[in-house]
């Protein structure tokens, strides 16, 4: 998912999920350009009016979901998409798109988030009182009467009983606290895996080594859940042990384990993507 498309991107906003390597592994990839604000919001005369109008009854999230479903329907009509094996990824606002889609549709069997999460508790607590005042001015509710009612359509915590999708969260150490409530809720149910990048303080992961690790893990995550593939690299035994222990994972014997040597070309491709991201 990306904010505004200005051409083909390597991996959407934040360059989180590498399109070319995924396509090389047999995935049909939809790079989704989210719609603009609603007509009601565009008629605002101040920033506060715009943000409040855009979030009234979660109108922006509903518009994005509607556009996403239309795009997916068109993709399915091409005959190149298996509707029973679809995943979703998102970063920043795209992370919110993932949240909404997991709660308000049954389209996806697996998800990956580069940032997490808009929710009731950790989201405002991690950022502090000034941020809480800022989002309240937009119309959000935190720690006051009506909070749960407001968040019900969007909260992964409140909808945990209805979301049975495995979720990969790859976030920086400067932002991980904002999603602790969601992560702990889903970790308890063995529905999520989380990877932190220590020392990375920016919203967008720009360091080549970190970006390369995210590329690889994203591809391996979607391969694991949607194609039943595992990398035989001994260094990844712990990763796959966590994933195999997650709720809904098929038995290990059903997976296609590939030899490390067979992935030399793919490693070169990841390295090339990382080098190009520095430019």
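Numbering (the working numbering), first residue to last: 137 to 415.
We put the CB at the ideal spot given by N, CA and C, even for glycine.
None of the values given here were measured: they were computed from a predicted structure.
{"Check": "Counting only runs that start and end within the stretch 164 to 202, where is the alpha helix (DSSP H) found for 4 or more residues in a row?", "Outcome": "175 to 178, 183 to 191"}
{"Check": "Find out if the Cβ-Cβ distance for the pair residue 150, residue 227 is shorter than 8 Å.", "Outcome": "yes"}
{"Check": "Look up residue 235 in the DSSP assignment and say whether it is helix, strand or coil.", "Outcome": "helix"}
{"Check": "Can you name the start and end residues of the beta strand (DSSP E) that residue 308 belongs to?", "Outcome": "303 to 308"}
{"Check": "Measure the Cβ-Cβ separation of residue 241 and residue 201 and say whether it is below 8 Å.", "Outcome": "yes"}
{"Check": "My guess is that residue 418 and residue 325 are in contact by the Cβ rule of under 8 Å, so how many angstroms apart are they, rounded?", "Outcome": "Nothing about residue 418 can be read from this structure; the chain reaches only from 137 to 415."}
{"Check": "Is there contact here, the stretch 348 to 367 with the stretch 217 to 233, by at least three beta-carbon pairs under 8 Å?", "Outcome": "yes"}
{"Check": "If distances are taken between C-alpha atoms only, which option among 344, 342, 387, 192 comes closest to residue 287?", "Outcome": "192"}
{"Check": "Taking C-alpha atoms, which residue in 389, 386, 393, 261 lies nearest to residue 368?", "Outcome": "393"}
{"Check": "Going straight from the alpha carbon of residue 391 to that of residue 247, what length do you get?", "Outcome": "19 Å"}
{"Check": "Out of curiosity, what's the CA-to-CA distance linking residue 381 and residue 154?", "Outcome": "26 Å"}
{"Check": "Taking 8 Å as the cut-off, decide whether the C-beta atoms of residue 303 and residue 328 are in contact.", "Outcome": "yes"}
{"Check": "Could you pull the start and end residues of the alpha helix (DSSP H) that residue 355 belongs to?", "Outcome": "344 to 358"}
{"Check": "What does the Cβ neighbour count give for residue 210, buried or exposed, with the cut at 16 atoms within 10 Å?", "Outcome": "exposed"}
{"Check": "On the DSSP bridge list, what partners appear for residue 246?", "Outcome": "223"}
{"Check": "Which residues bound the alpha helix (DSSP H) around residue 274?", "Outcome": "265 to 274"}
{"Check": "Would you tell me roughly how many angstroms separate the C-alpha atoms of residue 351 and residue 292, rounded to the nearest one?", "Outcome": "25 Å"}
{"Check": "Taking Cβ positions, are residue 196 and residue 173 nearer each other than 8 Å?", "Outcome": "yes"}
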